[in-house]
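Q: Below is the structure I would like to discuss, written out as structure tokens.
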């Protein structure tokens, strides 16, 4: 989301693609994504991917970056190219645009995320999903002052209630993550920025779901203007993960925010 750089930097604290269990259940973030989406993830230090192949166009992007940034950039692209391969696509360059969002092959939608110790990428055919956004963050509190920058008063009140109910989840961090997923879903549909205060989120702690009500005119999908998104979240291994998968035919069911596709399980810039 468009936000003061200090808030984004303060909130940010990603070897090979993740190992897969039977039926794909070994990839944690796939549990909160629909069956149409293909995801890969990696845990541990991104330095393990040092020297991973980058296309010349990609290498130029991080030519002057510090080693940590280069490692993260390469590691998340290992995940992305593995996921693309599962769609039967070649390992094409994934160069970020002016906003930092990866530019996916024609006919593909996708999203990347990385934080210290984790990175993931998700892709899908554009005929199945209109857009997708994922985000991962450490399951720890946001730095002092950041919550006030990235949230609305009603969201802060709900976070206080949720914290009393489920203190194992750092709801302020999950809110930040979910808003990042909202932006990553929104941006490919609009090409426009979306400030943190332009979407209001609510979480369902039992269903592992969240809804985002847009406070500005939403994108048009399937001939219908959307007024929000729904997504899913999970917490585990020291991370909070959030995801939104917008079906390509999301708007045909009627008014209101589109429901996410059925997920594989009920598990609660790149």
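Numbering (the numbering used here), first residue to last: 82 to 351.
The beta carbon of each residue, even a glycine, is placed where N, CA and C say it ideally should be.
1. Need the endpoints of the beta strand (DSSP E) that residue 277 sits in, please.
2. Thinking C-beta only, is residue 161 closer than 8 Å to residue 175?
3. Using the Cα positions of residue 295 and residue 306, report the straight-line distance between them to the nearest angstrom.
4. According to DSSP, is residue 190 part of a helix, a strand, or is it coil?
5. Residue 102 to residue 156, Cα distance in whole Å?
6. Locate the alpha helix (DSSP H) running through residue 264, then write down its first and last residues.
7. Can you check the region 111 to 188 for any beta strand (DSSP E) of at least 3 residues that lies completely inside it and give the ranges in chain order?
8. With a threshold of 8 Å, are at least 3 pairs of Cβ atoms found where one atom belongs to the region 262 to 272 and the other to the region 230 to 250?
9. In angstroms, rounded to a whole number, what distance separates the CA positions of residue 253 and residue 207?
10. Determine, using beta-carbon pairs with one atom in the region 217 to 229 and one in the region 266 to 285, whether at least three such pairs fall under 8 Å.
11. Between which residues of its own chain and residue 209 is the CB-CB distance below 7 Å, once the five residues before and five after are set aside?
12. Return the residue from the list 320, 179, 173, 194 that minimises the CA-CA distance to residue 187.
13. Expressed to the nearest angstrom, what Euclidean distance is found between the alpha-carbon atoms of residue 190 and residue 258?
14. Between which two residues does the beta strand (DSSP E) carrying residue 212 extend?
15. Got a sec? Which residues, its chain only, sit under 7 Å from residue 178 by beta carbon, not counting five neighbours each side?
16. What would DSSP say about residue 315, mapped onto helix, strand or coil?
A: Well, looking at it:
1. Here residue 277 refers to the residue found at position 196 of the chain shown. No beta strand (DSSP E) holds residue 277; DSSP gives it neither H nor E.
2. By one-based count along the chain shown, residue 175 stands at place 94. By one-based count along the chain shown, residue 161 stands at place 80. Residue 161 sits close to residue 175, with the two beta carbons spaced by under 8 Å.
3. The residue given as residue 295 occupies position 214 in the chain shown. The residue given as residue 306 occupies position 225 in the chain shown. Within the model, the alpha-carbon separation for residue 295 versus residue 306 is close to 11 Å.
4. Counting from one through the chain shown, the residue named residue 190 turns up at place 109. It is a strand residue.
5. Taking the first residue of the chain shown as position 1, residue 102 is located at position 21. Taking the first residue of the chain shown as position 1, residue 156 is located at position 75. Bear in mind that the predicted position of residue 102 carries a pLDDT of just 31, short of 50, making it too unreliable to give a figure here.
6. To locate residue 264, count along the chain shown from 1; it is residue 183. In the DSSP assignment, residue 264 falls within the unbroken alpha helix (DSSP H) covering 252 to 271.
7. For the region 111 to 188, whole beta strand (DSSP E) runs of length 3 or above, ordered along the chain, are 119 to 124.
8. Contact check between the region 262 to 272 and the region 230 to 250: fewer than three CB pairs, one atom from each, fall below 8 Å, which does not count as touching.
9. Position 172 of the chain shown, counted from the start, is the residue given in the question as residue 253. Position 126 of the chain shown, counted from the start, is the residue given in the question as residue 207. Straight through space, the alpha carbons of residue 207 and residue 253 are spaced by roughly 32 Å.
10. Output reads no: the region 266 to 285 does not touch the region 217 to 229.
11. Position 128 of the chain shown, counting from 1, holds the residue named residue 209. The answer, listed in chain order, is 117, 329.
12. The sequence position of residue 187 within the chain shown is 106, counting from 1. Closest by alpha carbon: 173.
13. Numbered from its first residue, the chain shown carries residue 190 at position 109. Numbered from its first residue, the chain shown carries residue 258 at position 177. CA-to-CA, the gap between residue 190 and residue 258 works out to about 20 Å.
14. Here residue 212 corresponds to residue number 131 of the chain shown, with the count starting at 1. Residue 212: member of the beta strand (DSSP E) spanning 210 to 219, first to last residue.
15. On the chain shown, residue 178 is found 97 positions in, with the first residue counted as 1. By the criterion of a C-beta distance shorter than 7 Å, residue 178 is surrounded in its chain by 184, once the five residues flanking it on both sides are discounted.
16. Locating residue 315 in the chain shown gives position 234, where the first residue counts as 1. In the structure shown, the three-state DSSP call for residue 315 is strand.
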